[in-house]
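**Student:** Below is a structure I'd like to ask you about.
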Amino acid sequence: MINSKLFKNFTEEEFEQFLIESNSIINKYNKNSFVFSLGDICDKIYVLKSGKLSLEKTDINGKNTVVNIFKNHGEVMAEVYSYLNKISDFTLVCNTDCEILEIPVRFFDISKSSTPIKNKIMTNLITILAEKAFFLNSKVRMLSSFSLRQKIATFLIQTEKENVSNTGMTRQQMADFLATTRPSLSRELLSMEDSGLIELNGSEIKIKNREELENLL
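What follows is the structure in C-alpha cells.
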C-alpha cells in the first residue's frame with residue numbers, strides 16, 4: 001500500500017504505525033456490491049488494494065453515467081466527500097471482487113493533535129485533492145467539446161500513456177463517461193480508426209496520429 005500517493009515517502013514501519021493511529025482496516029467486497037451509495041454520508045477515505053470499481057450516477061430518468069473508473073493499486077477514492085463530510089451524489093460499485101483499505105475520516109481532523117505520521121499523510125492528501133480538482137476541470141473541458149469526435153480526442157489524450165489509452169472501461173462505460181450512447185461511440189471510434197487516427201484493440205485504444213487528434217481540440 002505504500003505505493004499509493006496517499007502514502008508517498010512512507011516506510012513500511014510508518015505505514016504500520018499509521019494503521020494503528022488511524023484505526024484503519026482492509027475490507028473485502030464481492031463483485032457488484034456497493035462500497036457506498038447515493039445519499040450515504042461518507043465518513044471514510046478508501047484506498048484500493050485490489051480489484052476494479054466504477055463511480056456511477058443515475059439521473060431521475062434512469063440514465064446511468066460512469067464518472068470514474070478505479071483499477072490501479074493504491075488509488076484513493078471518496079476523499080473529497082469524506083473530508084468535507086458531505087452526502088454522496090454517487091454510488092461506488094465493485095466491478096470485480098475487491099479489497100479496500102478504509103480510513104476513518106476523523107483521523108484527518110486538523111482540530112485534533114498532530115503526529116509526524118498525520119502531518120506526513122496530510123501533505124499527501126492535499127496533493128491528491130489538488131490533482132482531483134485538475135481532473136474535474138479537465139473533464140468539464142472535455143464534455144464542453146462541440147462534437148463527439150472532439151470529446152473522444154480529448155479523452156484519449158488525457159488518458160494515454162506512451163500513445164495507448166487503456167482505462168479498463170467497457171464501451172458502455174466509456175459512452176456513459178462521455179455522455180453519449182454506445183452505438184454512437186462505436187460508430188465514431190470505427191470512423192476514427194478508418195481515418196488513421198487510432199487503432200482499436202479491445203479496451204486498448206492506440207493513438208496513431210496524435211498531431212491530428214490534437215488539431216481537433
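Counting from 1, one number per residue, gives the positions in the sequence shown under my numbering.
Note that beta-carbon positions come from the ideal geometry of N, C-alpha and C, so glycine has one too.
#1: For a test of the three-state rule: what should DSSP assign to residue 91, helix, strand or coil?
#2: When you compare only the Cα positions, how much space is there between residue 96 and residue 70?
#3: Which value, in whole angstroms, describes the spacing of the CA atoms of residue 85 and residue 42?
#4: Rounded to the nearest angstrom, what separates residue 99 and residue 72 at their Cα positions?
#5: Looking at residue 35: is its Cβ nearer than 8 Å to the Cβ of residue 92?
#6: Pairs of beta-carbons, one from the segment 106-122 and one from the segment 182-196, closer than 8 Å: are there three or more?
#7: Sorted by chain position, which residues of the same chain lie with C-beta nearer than 7 Å to residue 64's C-beta, five sequence neighbours on each side aside?
#8: Under 8 Å: do the segment 157-171 and the segment 194-209 share three or more Cβ pairs, one atom per stretch?
#9: Between the Cα of residue 22 and those of 106, 79, 29, spot the shortest distance and give me the residue it belongs to.
#10: Give the straight-line distance between the Cα atoms of residue 40 and residue 81, rounded to the nearest whole angstrom.
#11: Here's the rule: buried if 16 or more other CB atoms are within 10 angstroms of the residue's CB, otherwise exposed. What is residue 136?
#12: Going by CA-CA distance only, name the one from 217, 90, 4 that's closest to residue 141.
#13: Report the partner residues of residue 77 according to the DSSP bridge assignment.
#14: Per DSSP, what kind of secondary structure is residue 200 in: helix, strand or coil?
#15: Residues in the same chain with beta-carbon distance under 8 Å from residue 156, minus the five sequence neighbours each way, listed in chain order, please.
#16: Helix, strand or coil: which one does DSSP assign to residue 207?
#17: If we count the other Cβ atoms within 10 Å of its Cβ and call it buried at 16 or more, is residue 68 buried or exposed?
#18: Assuming residue 37 contacts residue 103 (C-beta within less than 8 Å), just tell me the rounded distance between them.
#19: Apart from the five residues just before and just after residue 4, which ones in its own chain have a Cβ nearer than 6 Å to its Cβ?
#20: Against chain D, does residue 21 count as a neighbour if the rule is that its beta carbon must be under 8 Å from one of theirs?
#21: Take the Cβ of residue 143 as the centre, count every other Cβ of all protein chains shown within 10 Å, and call the residue buried at 16 or more, exposed below.
**Tutor:** By the coordinates alone:
#1: In this structure, residue 91 counts as strand in the three-state DSSP scheme.
#2: Looking at the two C-alpha atoms, the distance is approximately 11 Å.
#3: Between the alpha carbons of residue 85 and residue 42 lies a gap of roughly 6 Å.
#4: Their backbone Cα atoms lie some 12 Å apart in a straight line.
#5: At a Cβ-Cβ threshold of 8 Å, residue 35 and residue 92 count as neighbours.
#6: Three or more beta-carbon pairs separated by less than 8 Å are not found between the segment 106-122 and the segment 182-196, which leaves the two stretches without contact.
#7: Around residue 64: 56, 58, 176.
#8: The segment 157-171, when compared against the segment 194-209, does touch it at the 8 Å Cβ threshold.
#9: Closest option to residue 22, Cα to Cα, is 106.
#10: Taking C-alpha positions only, residue 40 is separated from residue 81 by approximately 10 Å.
#11: Residue environment analysis places residue 136 among the exposed positions, since fewer than 16 neighbouring C-beta atoms fall within 10 angstroms of its C-beta.
#12: Answer by Cα proximity: 217.
#13: For residue 77, which the question treats as bridged, DSSP gives the partners 46.
#14: DSSP places residue 200 in the strand class (E or B) of the three-state scheme.
#15: Taken in chain order, the residues that qualify are 165, 198, 205, 207, 213.
#16: Three-state DSSP puts residue 207 in a strand.
#17: With at least 16 other beta carbons inside 10 angstroms of its own, residue 68 counts as buried.
#18: At roughly 19 Å, the Cβ-Cβ gap does not stay under 8 Å, so residue 37 and residue 103 are not in contact.
#19: Within the same chain, residue 4 has close Cβ partners 47, 74.
#20: This model lacks chain D altogether; it includes just one protein chain.
#21: Residue 143 should be labelled exposed.
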